[in-house]
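Presented below is the structure to which this report refers.
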């Protein structure tokens, strides 16, 4: 099963592409460090999205050319960025006022596990090592919508969409939508609701690799993503 | 007695002059609206004092010439001010961070009553009308020293320095020094300690118009103030 | 992205009866007089207004109160040279008043904008204004718990504004304006000049555009103080 | 008023063993590398350091940790490309770590500077990081109570500074610096340039001088990122 999934599942870039399609024109968005940052690459033409980074920049743009980096102008992932017209700098308390105060339209984060009650685990595997949380526990509160992008299953094939998280929580009941390598799923009233799935996988096969019941609405749309 | 006091007591300007002598070079100071504002007039030569006003200005200077007022540049008393070099503007939350956060060296306020435990009543007579508190309840907390300037007695001759305030409190245990029209008094461990008195009044006469016991230290200095 | 609007009337058109409105300014400095007058023209009533003061004379906030539009005022200092309009209504029991220490008012609004539902402050401890509020001791000192303050709308006054809603202010006219911009469902700013995006140095932006919903230019804004010295009355 | 000092060594001379020190910066951006190196030279140990990270490579905060001067670190994210110095000491149980969510860290520091002893935040509710902290429900949602954070000293990095201690910052190097300036008993700032009083427009001051105790010029400050790419090691 897991092998079969590997041949049809979306790449990270494709998951990012799919998530990018739902970001409306004029949205204020924070993209988590790493994988979620890729979403900005796929911003649809004609839409203006204002990106926020925790370390005090609103309205940043693409990465600078190599050699053009200014290390005072970085994002939360410590990568060099550039500014778009209309950008602003501010300190960390103002930055997290934007986050916590409900001013962001969307935050997109990665996940170790997401539960059907909206709980998210993405900061610690709970296995020791050096703990590090960053801004994740703040980002899951306040943004009007919190979405997750993730592989549908772990490398071992275990479900990442579960009934209850077994790993240390980042936030409680915070996630409202999950974009996976196989499907797009909303979280509504403590249940998963399947919105889209890859046409190559049957509902039953998808349910089999999902750790909680997938409810469905009137229709299940095909999850169609171009090669990117 | 009250009539006799009237002939010897300091004027408001003289009380302000006396308070001004204790403000050290380099101090950050907030002067309450009205009477306390007069203290800035008597800043001793050679001392640089940085004045803070609640409405978001640090480092303001004298009033502008008549006709030169800019009504966007006012103090908490809504009077037009000017800026000294090194001034800064900030919003109200930052301004009260300076107040509440212990960054001011001194706040000087007027008083209806001061109690020997440091309680201050200066915002409401408790007699109805329109209540209005402004920044007084914030200023009494946070400044490293809170001083009061006041007539020693009310117009009716009642003591303003009392054992316990009978009027609505502005703050609890906040006042550390009182400059009156007859004396300079510290508040130490819940008691008044007389530091200076006008040479024209005897200790007993001063005690008679004071509503709580005046303790004394080793010496009582003469309160000597020029005509101003 | 273009948050600019062509007229004051469009800017306030969405404000309905019963709305709560933060209005910037400290006395006349930073008061969005033209937006308030547009609000008077628009007609909503039964408003809750959050402002440091209660207006002066017969313009701006005083005029809004005089027109009987304000059911409740949350402020720190409703006394001043000429707050007659408010005083008369208050003493007649026709307007509700919540008095908040000025620093607490600022912090409550900031907390509303910052997603902090409650905080502790030393201000007002042991006074009548702390009555009924939870008290806690930290490190041997007593503090009063205060709740955040939010509003449906904020009417604020800036100096420069751009299409993204980035704002600067003019001198002490800054006061409550940047805080209120953060704490309202919809923030409407009048500015002396709308400039193209990028013209405000990102280092000098005081209110980032994320806090602002619409920007309208009032090229030569009137000062409450000046209007009152001229004896102006609105409408 | 002249808060300028002629040398880094004088700026850090008052920092003794066992001090708590806030150090500005987010990663290398805004990190006062030269002040940290002067602190290494000065020699105090058993320090508690508050910083968003745990340093990188063998310069700045990482070097301070490597020299065994830091007993405890309060931070949000001690993981990064090369935090080997911290990681090794931590896994060997030789350094204490308090992990704080980044927004809570910023707000706790701001609260320390603003005289707010405690506040409620939704961040970390229901997680391991909220263990032992009071929880309260407001309007049907749960929040965790967090305490202010203060320090004996703050070492921060600005762009321009004047003799009054007024500061500006450079781009995203602002980050925690203005907050830490507010929350320390003594705030020591390195700036790229000291300018005469009045040269920083009062509208553009980010940290008003009241929050700053001393200012020292480091005309050409090094970036941690650049130093690490060069493989620099301090001392």
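Chains as they are written, first to last, in the working numbering: chain A, 1 to 228; chain B, 1 to 228; chain C, 1 to 235; chain D, 1 to 235. For each residue, glycine too, the CB sits at the ideal point set by N, CA and C. This structure is a prediction, so every number in the text was calculated from the model and none was measured.
A distance below 8 Å between beta-carbons, with the five flanking residues on each side excluded, links residue 130 of chain D to the following residues of its chain, in chain order: 124 and 144.
Here the alpha carbons of residue 120 of chain C and residue 73 of chain C stand approximately 23 Å from one another. Contacts with chain D at 7 Å (Cβ-Cβ) include residue 98 of chain B. In terms of Cβ geometry, residue 151 of chain C and residue 21 of chain C form a close pair [threshold 7 Å].
In the three-state scheme derived from DSSP, where H, G and I count as helix and E and B as strand, residue 62 of chain D is classed as helix. In this chain, the beta strand (DSSP E) harbouring residue 20 of chain D covers 20-23. Among the bridge pairs identified by DSSP, residue 233 of chain C is matched with C/58.
Within its own chain, the residues whose Cβ lies closer than 7 Å to the Cβ of residue 154 of chain B, once the five positions on either side in sequence are excluded, are 160, listed in chain order. Annotated as proximal: residue 216 of chain D and residue 5 of chain D, with beta-carbon spacing under 7 Å. The continuous stretches of beta strand (DSSP E) do not include residue 95 of chain B, which lies in the alpha helix (DSSP H) extending over residues 92-100. For the pair of segments examined, the stretch 174-187 of chain C was found to touch the stretch 7-24 of chain C: the number of CB pairs separated by less than 8 Å reaches three. In the structure shown, the three-state DSSP call for residue 85 of chain D is helix. Rounded to whole angstroms, the gap between the alpha carbons of residue 140 of chain A and residue 115 of chain C is 13 Å. Contact note: residue 32 of chain C does not reach chain B at a C-beta cutoff of 7 Å; the least C-beta distance is about 13 Å.
The C-beta of residue 120 of chain C comes no closer than 7 Å to any C-beta of chain B. In this structure, residue 133 of chain B places its C-beta atom within 7 Å of the C-beta atom of residue 76 of chain C. Taking a Cβ-Cβ cut-off of 8 Å, the neighbours of residue 28 of chain A in chain C comprise 210, given in sequence order. For residue 85 of chain B, there is no enclosing alpha helix (DSSP H); the residue is found in the beta strand (DSSP E) stretching over 83-89. Residues of the stretch 94-124 of chain B that bring their beta carbon within less than 8 Å of a beta carbon in chain D comprise 94, 96, 97, 98, 99, 100, 101, 102, 103 and 104, in sequence order.
The closest CA to that of residue 78 of chain C, considering only C/55, C/170, C/36 and C/38, is found on C/55. Segment contact: the stretch 118-127 of chain A against the stretch 194-214 of chain C, fewer than three CB-CB distances shorter than 8 Å; contact not assigned. For the C-beta of residue 116 of chain C, the chain D residues within less than 8 Å are, from N- to C-terminus, 107, 119, 120 and 121. The distance from the Cβ of residue 225 of chain A to that of residue 10 of chain A is about 6 Å, consistent with a contact at the 8 Å cut-off. Residue 168 of chain A and residue 118 of chain A have their C-alpha atoms roughly 14 Å apart. Taking 8 Å as the upper bound on Cβ-Cβ separation, chain C lies near residues 136, 138, 139, 141 and 143 of the stretch 124-143 of chain D.
Using a Cβ distance threshold of 7 Å, residue 98 of chain A and residue 210 of chain C count as a contacting pair. Within chain C, no residue has its beta carbon less than 7 Å from that of residue 182 of chain B; the closest one is some 28 Å off. Here residue 27 of chain B carries a coil assignment [DSSP, helix/strand/coil]. The Cβ atoms of residue 198 of chain B and residue 207 of chain B do not sit closer than 7 Å to each other. For residue 203 of chain D, the C-beta contacts it makes with chain C under 9 Å involve 159, 168, 169, 170, 171, 174, 204 and 206, in order along the chain.
Within chain A, no C-beta atom comes less than 8 Å from the C-beta of residue 165 of chain D; the nearest is roughly 17 Å away. When only Cα atoms are considered, residue 194 of chain C and residue 89 of chain A end up about 20 Å apart. Among the residues facing chain A, residue 145 of chain D is not included, as its CB has no counterpart in that chain under 7 Å away.
Using beta-carbon distances, residue 74 of chain A counts as an interface residue toward chain D, with a partner under 7 Å. Contact of residue 85 of chain A with chain C by beta-carbon distance below 7 Å involves 197 and 198.
Closer than 7 Å to the CB of residue 58 of chain B there is at least one CB belonging to chain D.
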